[in-house]
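Q:
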Amino acid sequence: MVHALEETHRVLRAGGGLIDLRPASSNRTVELELAAARLHIGEIDSSATFADHRAADAALDRFVRGGLLCVEHAEEFQLTTDLDTVEDLRAFAATLRRSILGEELFQRIESLIADEGEDYIIHTRREMTIKRYRRTNGER
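Sequential numbering of the sequence shown, starting at 256, is according to our numbering.
1. Here's the rule: buried if 16 or more other CB atoms are within 10 angstroms of the residue's CB, otherwise exposed. What is Phe318?
2. Just tell me which of Arg268, Ile377, Leu273 has its CA closest to the CA of Asp343.
3. Rounded to whole angstroms, how far is the Cβ of Leu287 from the Cβ of Leu276, which I believe are closer than 8 Å?
4. Per DSSP, what kind of secondary structure is Thr350 in: helix, strand or coil?
5. With distances taken Cα to Cα, identify the nearest neighbour of Ala291 among Tyr375, Arg381, Gly270.
6. Report the CB separation of His264 from Leu315 in whole angstroms; it is logged as a contact under 8 Å.
7. Could you say which of Ile368, Glu261, Arg345, Asp307 lies nearest to Gly321 if we only look at CA atoms?
8. Please state if the CB of Pro278 and the CB of Glu382 are separated by a distance shorter than 8 Å.
9. Please classify Thr379 as buried or exposed, where buried requires at least 16 other C-beta atoms within 10 Å of its C-beta.
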């Protein structure tokens, strides 16, 4: 990350912008929405990625403290993925590189919808952060 930031700083002209968009260091949540209720089913374990996020934060903080970048805007938001079936959730889980969705979550959803004669939606939610930085006149 430090090398990427150094290269970014090198090619950005003074006043140029950098956008940092990435997941927060937290697990995704899984919810089941039925007609009568929205149930928290569990979490997708994303802890294998947390160290990378902390390292990226630390690298960016060093550039800000060093006067090379300044934060213009920072915001957190949720990224929601809506899935129609348990099979869709399995397909979604298969795309996750370093996050784990345990079989017990699938089983819990299947048991909850087994007696339901209604539609349902499965929601996954991930906390995201977005920051806009501006290159200062600081030299490295």
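The C-beta atom is built at its ideal place from N, Cα and C for all residues, glycine as well.
From a predicted model like this one, the values you see are computed outputs, not experimental measurements.
A: The short version:
1. buried
2. Ile377
3. 28 Å between Cβ atoms; not a contact.
4. coil
5. Tyr375
6. Not quite, the Cβ-Cβ distance comes to about 11 Å (not below 8 Å), so this is no contact.
7. Glu261
8. yes
9. buried
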